[in-house]
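K.L.:
Taken in sequence, the protein lines are chains A and B.
Letter 32 of the first sequence, counting from 1, is numbered 32 in our numbering, and no numbers are missing.
In our numbering, each number is its position in the second sequence, counted from 1, plus 100.
Protein chains: 2
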Amino acid sequence: MFKTNAYFDDKVLSIAFENQEGKATVGVMAPGEYTFETTSVEYMTVVSGEMQVQLSGSNDWVVYKPFETFKVEANTSFNLKVTTDSSYKCIYK
Amino acid sequence: MFKTNAYFDDKVLSIAFENQEGKATVGVMAPGEYTFETTSVEYMTVVSGEMQVQLSGSNDWVVYKPFETFKVEANTSFNLKVTTDSSYKCIYK
Chain A
1 MFKTNAYFDD KVLSIAFENQ EGKATVGVMA PGEYTFETTS VEYMTVVSGE MQVQLSGSND
61 WVVYKPFETF KVEANTSFNL KVTTDSSYKC IYK
Chain B
101 MFKTNAYFDD KVLSIAFENQ EGKATVGVMA PGEYTFETTS VEYMTVVSGE MQVQLSGSND
161 WVVYKPFETF KVEANTSFNL KVTTDSSYKC IYK
């Protein structure tokens with residue numbers, strides 16, 4: 001019933017769903033460094049663990065902890081470093 | 101790499117992970133009514149949507165919204181009503 005998507009040799013796995021927040025996923029990332037490309041605006045909320053985030057055009061890495069959210073613009077990319085299994089919610093706008 | 105588990109005719113799907121919070125899952129539930137049995141203490145946190153929760157031995161249904169957490173004792177059961185796709189984190193202690 002729910003669709004899963006795997007990325008980066010299955011080191012990132014997500015489940016898609018949709019409700020009043022819009023189209024969304026919850027997922028888990030294994031430790032690693034990842035670059036994601038966006039096609040819509042994304043609101044990423046850390047659910048467990050921790051994510052180091054570098055937005056496109058920024059030199060800075062910012063740390064996000066559980067229930068903290070960062071916004072990524074559409075049609076850009078962002079870099080993530082994860083040092084422990086970490087879970088997230090992503091809402092697509 | 102990450103193990104998924106499906107329950108209730110695939111209306112509930114979860115991904116298992118483990119980090120400093122302990123053994124955990126994130127998952128999604130489709131609308132429906134579910135009874136879950138526990139083998140360990142569970143800390144359930146709503147991530148998106150809403151869950152109506154009735155703990156074992158209680159007549160009351162309590163509503164939990166995103167980032168609200170309820171605790172379920174080990175070796176008991178609890179009832180959930182979900183009226184919209186809802187996601188959650190569960191930590192097993």
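Don't be surprised by glycine CBs; every beta carbon is placed ideally from N, CA and C.
Being a predicted model, the structure only gives us computed values, none of them experimental.
(1) Can you look up F78 of chain B in the DSSP assignment and give me helix, strand or coil?
(2) With H, G and I counted as helix, E and B as strand and the rest as coil, what does DSSP make of M1 of chain A?
(3) I'd like the ranges of any beta strand (DSSP E) spanning at least 3 consecutive residues and lying wholly in the region 118 to 172 of chain B.
(4) Taking 8 Å as the threshold (C-beta atoms), are S48 of chain A and N105 of chain B in contact?
(5) Return the CA-CA distance between G27 of chain A and L13 of chain A, expressed in angstroms with no decimal places.
(6) Pick helix, strand or coil for K89 of chain A, following the three-state DSSP scheme.
(7) Would you mind telling me which residues of chain B sit closer than 9 Å to L95 of chain A, beta carbon to beta carbon, in chain order?
(8) State yes or no: is the beta carbon of Q135 of chain A nearer than 8 Å to at least one beta carbon in chain B?
(9) Measuring CB atoms only, is the region 33 to 41 of chain A touching the region 151 to 170 of chain B, in the sense that at least three cross pairs come out at less than 8 Å?
(10) Which residues in the same chain as A24 of chain A place their Cβ atom closer than 8 Å to its Cβ, once the five residues preceding and following it in sequence are excluded?
(11) Just to check my reading of the structure: T84 of chain A and E50 of chain A have Cβ atoms closer than 8 Å, yes? What is that Cβ distance to the nearest angstrom?
(12) Quick check: what's the CA-CA separation for G279 of chain B versus Y143 of chain B?
(13) In chain B, which residues lie with their C-beta within 7 Å of the C-beta of G49 of chain A?
P.N.:
Here's the rundown:
(1) For residue 78 of chain B there is no data in the structure shown, the boundaries of chain B being 101 and 193.
(2) Here residue 1 of chain A corresponds to residue number 1 of the first sequence, with the count starting at 1. In the structure shown, M1 of chain A sits in coil (DSSP, three-state: anything other than H, G, I, E or B).
(3) 122 to 129, 132 to 137, 142 to 148, 151 to 155, 162 to 164 and 169 to 172
(4) Here residue 105 of chain B is taken as the residue at index 5 of the second sequence, counted from 1. Here residue 48 of chain A is taken as the residue at index 48 of the first sequence, counted from 1. No, they are not a contact pair.
(5) As a working mapping, residue 27 of chain A is identified with position 27 in the first sequence. As a working mapping, residue 13 of chain A is identified with position 13 in the first sequence. Taking the straight line joining both Cα atoms gives about 5 Å.
(6) As a position in the first sequence, residue 89 of chain A is number 89, starting the count at 1. The answer is strand: DSSP assigns K89 of chain A an E or B state.
(7) In the structure as shown, chain A begins at 1 and stops at 93. Residue 95 of chain A is therefore absent and cannot be evaluated.
(8) Only positions 1 to 93 of chain A appear in the structure, and residue 135 of chain A is not among them; the question remains open.
(9) no
(10) Numbered from 1 along the first sequence, position 24 holds the residue referred to as residue 24 of chain A. So the list reads A16, F17, E18, K89, C90, I91 and Y92, once near-sequence residues are dropped.
(11) As a first step, residue 84 of chain A is located in the first sequence; it is residue number 84 there, counting from the start. As a first step, residue 50 of chain A is located in the first sequence; it is residue number 50 there, counting from the start. Yes, T84 of chain A and E50 of chain A are in contact; Cβ-Cβ is about 7 Å, under 8 Å.
(12) Residue 279 of chain B cannot be examined here, being either before or after the span of chain B that is shown, 101 to 193.
(13) Locating residue 49 of chain A in the first sequence gives position 49, counting from the first residue. Within chain B, the residues near G49 of chain A are N119.
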